[in-house]
Every structure is written in structure tokens, then in C-alpha cells.
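This report concerns only the one structure given below.
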Amino acid sequence: VIQQNRSSQVTCCSQRPPGTCSALRPDRFRPKSGSRMQSTKSLFLPCEYCPVGTEFKADIACCRECKAILFITCPHDGFDLEVQRCTDCSDRIFSESTMCGFHFREMHYFCLDCIRGVCSECLVPSAAHGGHRFQKLGTLYTINMKQVLRMMSNLSVSISNTNIVKRQIAKNLELVEVNEQSLLADLEGLYETAKQSIRASAIQRKTALKEKLAVDFAAPRDILEREIYSLSKYELIKLHPALIKHITQQMAACVGYTHQEVDSYGFECPLIPRLTLSTIRIDNITKRKVPVQLAITDSSGFPWTAMVAVFPWISVQLFPKDETLECFPHRVVFEIVHRDLAKTLRRSFTITDLCEEMTLCEDVKFLRANGFLLQNNVIVLRIGIRSSSLVVENELLKVQQEKQQEATMKVEEVSSEQNVCCSSFLHLRLSDYEAEEVPSSVRIHSDAITDAFGHRWCLRVKRVARSVRSKIRVMLGVYIVQLDTVRCRCKYFIILHNKDPSKRMYTSGEEEFSAMDQNFGKNACIDVADLTEESGFVFDGMLRFQFGVTPITSNGTVIEVAHFTESNQLVTKTILK
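Just so you know, we're using full-length UniProt numbering here: the sequence shown kicks off at 1 and counts up by one.
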């Protein structure tokens with residue numbers, strides 16, 4: 001016998017008085033007609049009617065899929081067992097009783113604090129539901145069902161949208177696979193072309209070398225020698241001029257053959273940039289302490305400086321004249337030439353980021369002993385550099401092209417500003433335009449400037465509302481305004497200055513203007529929300545604009561007149577497009 005939690009003493013589990021354990025009532029769970037229950041192992045579980053920590057042994061059954069309890073001898077809070085499976089999991093085999101577990105009356109209400117159904121007698125204030133909130137089951141069911149159905153509808157829409165995206169992903173996957181196969185096929189074709197090109201170039205050069213190698217200079221000399229000794233004194237004197245000429249021709253052939261060198265780096269290959277070697281002769285290397293500079297050009301046409309040191313060892317260090325080149329890997333070939341090409345010292349390496357010093361020979365005595373030094377201690381070196389691959393070369397050329405375009409744009413901006421004959425500044429306090437109550441009809445104008453024809457111009461700033469992606473955003477509109485009522489044509493520019501000059505906003509153009517309220521010229525707008533101290537456009541709470549105009553006559557002549565004013569009234573934030 002234990003102390004029950006409702007201030008009455010009852011025996012545990014099956015020893016309780018009738019009606020105290022809801023699991024012992026036949027309507028606790030109602031089995032479905034024709035269903036088959038599968039029992040599980042017996043194990044110890046906590047009883048909800050017993051003090052915490054009290055355990056009892058009960059035989060239970062549970063569905064592995066829907067987790068519905070099939071058979072139970074005592075109510076409990078939970079179970080952790082190897083569950084079995086219902087005969088038909090798509091339908092509920094058991095349905096909960098509609099009777100209150102305390103008063104055995106039908107439940108028409110729901111306790112929001114206990115999260116359980118209650119009967120009408122439970123509504124009476126008691127220890128079990130004192131101060132709890134109740135609501136009718138039907139009303140709460142309708143509210144919850146509407147919410148669930150609404151969420152299910154939203155879920156269906158989300159799934160539908162997801163399916164659309166998944167179809168797009170599947171299509172993109174197909175395109176990726178197609179592009180992959182296409183690129184691999186192109187690469188294989190290019191690879192085959194490269195192999196054929198290398199083979200053809202190598203065969204051509206090997207044929208030339210074999211032809212030169214097949215020439216026998218010793219045999220004609222031996223034949224000529226035998227003929228000379230077979231001649232009589234009279235015949236030798238008579239044929240002396242012809243013999244001298246013949247010997248001279250053979251000597252010339254030998255000399256020409258000796259100095260014909262074949263470059264082994266010039267193979268034609270569409271995947272590898274062509275390497276060209278530059279030659280440098282350094283005299284008196286045993287006494288030279290200062291490195292020698294050599295200007296060379298890589299395969300892409302960019303200039304490099306090679307620093308060649310001969311003391312205390314032979315080394316080379318390469319520096320690009322354009323710092324951008326340091327970010328790309330380059331292949332370098334460094335040679336110390338020997339009269340016998342088979343003995344030529346050669347080293348190839350790749351340089352990236354840091355231009356490290358590469359050593360080829362550490363002992364000058366070795367060079368002298370092996371015939372590398374010519375007369376007067378002269379040494380011949382060859383240096384070549386190229387991009388590591390055509391991919392790197394293309395990226396390098398792309399970066400250089402972008403830099404050239406950027407430089408060209410800066411030159412055009414400077415030229416446009418220099419061609420403007422009169423300009424002025426406009427300063428605007430940003431806080432005046434951030435407030436929501438600022439009406440759109442408020443307009444601020446800069447001080448007027450006067451062009452060569454006497455026409456007056458100013459910069460106008462007003463607050464405007466723009467729809468951006470279905471949202472209304474507060475913008476600032478900036479206009480070039482002609483204050484006189486005459487029609488004229490001019491060139492103009494507008495600049496929004498930034499603390500970083502490279503990030504300033506710039507626009508320019510040519511337009512025909514008339515009255516103040518008719519043609520506003522170039523309209524530049526920007527979102528006020530983008531104007532922050534971090535953006536660099538705000539100078540002590542102010543925005544700083546500069547504008548200028550140049551009048552154009554009927555024949556297109558630009559009037560050059562210097563006129564400049566400074567204003568502290570107006571500033572605005574805008575991205576000029």
C-alpha cells in the first residue's frame with residue numbers, strides 16, 4: 001500500500017480498487033474489429049498513479065509506425081521498447097475514450113493548462129484544476145483545425161514551389177552533365193591536336209638533326225688525302241688551285257654545320273605557351289661582384305627584369321614590371337651554355353607570388369674546369385619565361401584588359417571634367433532627408449553658376465518615392481536645372497564625392513535644356529537607407545556633390561570659360577547611373 005497522489009491510499013496497479021485505474025476500464029482503449037494485436041516483451045515502466053521512481057511490470061503492445069498502444073494493464077507516461085507493428089497502420093486500431101478519467105463522464109471541454117480533455121464536473125474549482133483555463137472541445141477543435149488546414153495549405157504551396165525549383169535543379173543537373181561531356185570531348189580533341197602538333201614538330205626537328213648527323217665529313221677527307229698522295233709532282237702543281245678550292249669548300253661546310261643550333265623549346269603546342277630564350281654574355285665573371293640586369297619578355301608579351309648574379313655563385317632572380325604578374329604562376333628556364341650542347345647546364349622551375357632567387361651553379365671553378373668559360377672568362381647564359389599554361393595566360397590577359405579599361409575610364413572622366421567651363425559644389429545635411437515627415441514637394445537648390453552665354457544653372461535635390469521590388473523606398477533625386485527660360489544645349493557632369501576617391505559616383509552627358517520646370521537633365525537617384533558613415537559618402541553628417549556645365553553653340557563648338565563657385569547649402573546621396 002502506498003500514498004496515492006490524490007490524498008487517498010490505494011494499492012498499486014491491479015490491486016487498486018475498481019475504477020481508480022483507467023487502463024482497467026474496458027473503454028480506455030477500444031480495439032478495432034478484426035484487428036490483430038502483437039504482444040511485446042514484459043518490462044518495467046513508471047506508473048502515473050504511483051510516486052516517482054515506482055516501477056511495475058506490465059505486458060504492453062505498441063505499433064512501430066503510428067505508436068498507438070494496443071494493450072496495456074496500467075496507465076504510464078511513456079515506454080522505451082522494441083515495438084511491434086499493427087495489422088493495418090493506415091487506420092487507427094484504437095481510439096481514445098471520450099470519458100473523463102476522474103468522473104467517468106463524457107468530456108465536452110479541454111483544460112488549456114493540463115492539456116487534456118475534461119468533463120463538466122471538472123469545471124468546478126478543485127485541487128486538480130484550480131484556476132485553470134477551459135474551452136469547449138468543439139470550439140477549440142474548429143480553431144485548431146482551421147489553423148492546421150491553413151498551415152497545410154501553406155505547406156502544399158511551399159511543396160509546389162519546391163517542386164518547381166527541384167525541376168529546375170534537375171534540368172540544371174542535366175545541363176551540367178551535357179556540358180561536362182561536351183567540355184571533356186573538346187578537351188580530348190584539343191589534347192589529341194596538341195599531341196599531333198608536338199609529334200609533327202618533333203619529327204621535323206629530328207629529321208633535320210638526323211640529316212645533319214648523317215653527313216660524313218671524314219670520308220671525303222680520306223678520299224681526298226689518298227688522291228693527293230697518289231699525284232705526281234707535276235700533277236700536284238697543276239691541280240694545286242683546284243685542290244685548295246675543294247679543301248676550302250669542305251672547311252666551310254664544317255664551319256656552317258658546327259654553328260647550326262636547334263632550339264629544343266620551340267615545339268608548337270596549342271596547350272602550352274611558346275617559350276623564347278634570351279641570351280646574355282657576361283665577361284670576367286671571376287671579378288664581377290654586381291648582378292647584371294637583363295630585360296626579357298614572357299610568352300604573353302609582358303616585360304620582366306632578370307637579375308643575374310655570378311658571385312659567389314651563378315643565380316637568377318626575376319621581377320615583373322607589372323605587379324599583377326606576381327599572382328600568376330610562370331615557368332622559367334635557366335641555362336649555362338656549353339660548346340657541347342649535351343653538357344649544357346639547364347634548370348627549369350615555377351615561380352609564384354614570391355620572386356625567389358634560383359641557383360644553377362655554386363662553384364665557378366667547376367665551370368672553368370669543364371669548359372663553360374670562354375676566352376677572358378666569358379660565360380653565356382640563356383633565360384626564358386612563359387605562363388605555366390594557356391589557362392593562366394588567358395586569365396592574365398583578362399586582368400590586364402580590365403586594368404586598361406579602368407585606366408581609360410579614369411582618363412575619360414578627367415577629360416570630361418576638364419572640358420567643363422563652370423562648376424560648383426552642393427552640400428546637404430543627410431538627417432534632413434532621413435525623417436519620414438519630410439514632404440516630397442520640398443526642393444533644395446545649389447547656388448547658381450553662369451556659363452559663357454550668361455545662362456544660369458543649378459543642382460536640384462528633392463525627395464522621391466520609388467517602388468523597388470514591390471516596396472516603397474525613400475530616394476533622393478538629383479537634377480541639372482537650367483534657370484533661364486531659353487533653350488540651350490550643354491555638356492554636364494555630376495559627382496557624389498566619397499572619402500575614398502576611387503569609390504566616388506560619376507555621371508556625365510550631353511542634353512538640351514529649356515525652362516526650369518520642363519527639362520531636368522540627368523536624373524540620378526539613390527536609396528537614403530544606403531547612406532551610412534561606413535559607405536564613405538557622409539562627411540560629418542553632410543553629403544558633398546559637385547556639378548558642372550559647358551554650353552555648346554549651334555555648330556558644336558564648346559565655349560571654354562573658367563568659372564568656379566563654392567556653396568555650403570546642399571548635398572545629396574545618389575548612385576549615378
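The beta-carbon is built from N, C-alpha and C at its ideal position, and this holds for glycine as well.
Nearest by alpha-carbon distance to residue 272: which of 197, 375 and 374 is it?
As a first step, residue 272 is located in the sequence shown; it is residue number 272 there, counting from the start. The candidate whose alpha carbon is nearest that of residue 272 is 197.
Can you name the residues that DSSP bridges to residue 300?
Here residue 300 corresponds to residue number 300 of the sequence shown, with the count starting at 1. Residue 300 is not bridged to any residue.
Got a sec? Which residues, its chain only, sit under 6 Å from residue 25 by beta carbon, not counting five neighbours each side?
Indexing the sequence shown from 1 puts residue 25 at position 25. Residue placement at residue 25 cannot be trusted, given a pLDDT of 37 that sits under 50; what the coordinates show is reported in the next sentence. So the list is empty, once near-sequence residues are dropped.
Just the C-alpha distance for residue 66 and residue 168, rounded to the nearest angstrom, thanks.
Position 66 of the sequence shown holds residue 66. Position 168 of the sequence shown holds residue 168. Its pLDDT being 46, under 50, residue 66 is placed unreliably in this model, and the value from its coordinates should be taken loosely. Near 35 Å, if we compare the C-alpha coordinates of residue 168 and residue 66.
Among 347, 227 and 325, which one has its Cα closest to the Cα of residue 314?
Position 314 of the sequence shown, counted from the first residue, corresponds to residue 314. Checked all of 347, 227 and 325; the closest Cα to residue 314 is 347.
Would residue 337 pass as a contact of residue 380 if the rule is Cβ separation under 8 Å?
In the sequence shown, residue 337 corresponds to position 337, counting from 1. In the sequence shown, residue 380 corresponds to position 380, counting from 1. Yes; because the gap between Cβ atoms is below 8 Å, this pair is in contact.
Going by DSSP, name the residue or residues bridged to residue 99.
Your numbering for residue 99 matches position 99 in the sequence shown. Partner(s): 106.
Suppose the cutoff is 7 Å on Cβ atoms and the five residues either side in sequence are ignored; what does the same chain contact list for residue 552 look like?
For the purposes of this step, residue 552 is taken as residue 552 along the sequence shown, with counting starting at 1. 489, 490, 491 and 558.
Within 10 Å of its beta-carbon, does residue 449 have 16 or more other beta-carbons around it, so buried, or fewer, so exposed?
To locate residue 449, count along the sequence shown from 1; it is residue 449. Buried, since its Cβ has 16 or more Cβ neighbours within 10 Å.
In three-state terms, what does DSSP make of residue 530?
Reading the sequence shown from its first residue, position 530 is the one you call residue 530. Helix, per DSSP.
Less than 8 Å between the C-beta atoms of residue 545 and residue 495, yes or no?
Translated into the one-based positions of the sequence shown, residue 545 becomes position 545. Translated into the one-based positions of the sequence shown, residue 495 becomes position 495. Going by C-beta atoms, residue 545 is nearer than 8 Å to residue 495.
Is the beta carbon of residue 318 less than 8 Å from the beta carbon of residue 361?
The sequence position of residue 318 within the sequence shown is 318, counting from 1. The sequence position of residue 361 within the sequence shown is 361, counting from 1. Against a cut-off of 8 Å, the Cβ pair of residue 361 and residue 318 comes out as no contact.
Between which two residues does the alpha helix (DSSP H) containing residue 175 stretch?
Reading the sequence shown from its first residue, position 175 is the one you call residue 175. That run of the alpha helix (DSSP H) goes 137-214.
Go to residue 491, then tell me how far its beta strand (DSSP E) extends in each direction, as first and last residue.
Position 491 of the sequence shown holds residue 491. Start and end: 488-496.
Quick one, are the C-beta atoms of residue 310 and residue 334 less than 8 Å apart?
Translated into the one-based positions of the sequence shown, residue 310 becomes position 310. Translated into the one-based positions of the sequence shown, residue 334 becomes position 334. No, the pair does not count as a contact, with Cβ atoms beyond the cut-off.
For residue 527 and residue 504, the rounded distance between their alpha carbons:
In the sequence shown, residue 504 corresponds to position 504, counting from 1. In the sequence shown, residue 527 corresponds to position 527, counting from 1. Approximately 16 Å between the Cα atoms of the pair.
Under 6 Å Cβ to Cβ from residue 374, same chain only, skipping five residues before and after it: list those, please.
In the sequence shown, counting from the first residue as 1, residue 374 sits at position 374. Correct list: empty, nothing qualifies.
Residue nearest to residue 386 in terms of C-alpha spacing, selected from 392, 133, 484 and 298:
Counting from 1 along the sequence shown, the entry for residue 386 is found at position 386. Nearest of 392, 133, 484 and 298 to residue 386, Cα basis: 298.
Is DSSP giving residue 368 helix, strand or coil here?
To locate residue 368, count along the sequence shown from 1; it is residue 368. Reduced to three states, the DSSP call for residue 368 is helix.
Given residue 396, which residues of its chain have a CB within under 8 Å of its CB, disregarding the five upstream and five downstream residues?
Numbered from 1 along the sequence shown, position 396 holds the residue referred to as residue 396. Excluding positions up to five away in sequence, the list reads 300, 302, 324, 325, 328 and 387.
Measure how close the beta-carbons of residue 305 and residue 295 come, nearest whole angstrom, since I'm counting them as under 8 Å.
By one-based count along the sequence shown, residue 305 stands at place 305. By one-based count along the sequence shown, residue 295 stands at place 295. Confirmed, about 6 Å.
Tell me the DSSP secondary structure of residue 254 in three-state form.
The residue labelled residue 254 in the question sits at position 254 within the sequence shown. If DSSP states are grouped into helix, strand and coil, residue 254 belongs with the helices.
Look up residue 234 in the DSSP assignment and give the residues it is bridged to.
Working through the sequence shown from its first residue, we reach residue 234 at position 234. According to DSSP, residue 234 bridges with nothing at all.
In terms of residues, what are the limits of the beta strand (DSSP E) holding residue 351?
Along the sequence shown, one-based indexing puts residue 351 at 351. Start and end: 345-351.
Classify residue 219 as helix, strand or coil using the three-state DSSP reduction.
Counting from 1 along the sequence shown, the entry for residue 219 is found at position 219. Helix, per DSSP.
Reference residue 119; option with closest CA among 131, 113 and 137
In the sequence shown, the residue the question calls residue 119 occupies position 119. It is 137 whose Cα lies nearest to the Cα of residue 119.
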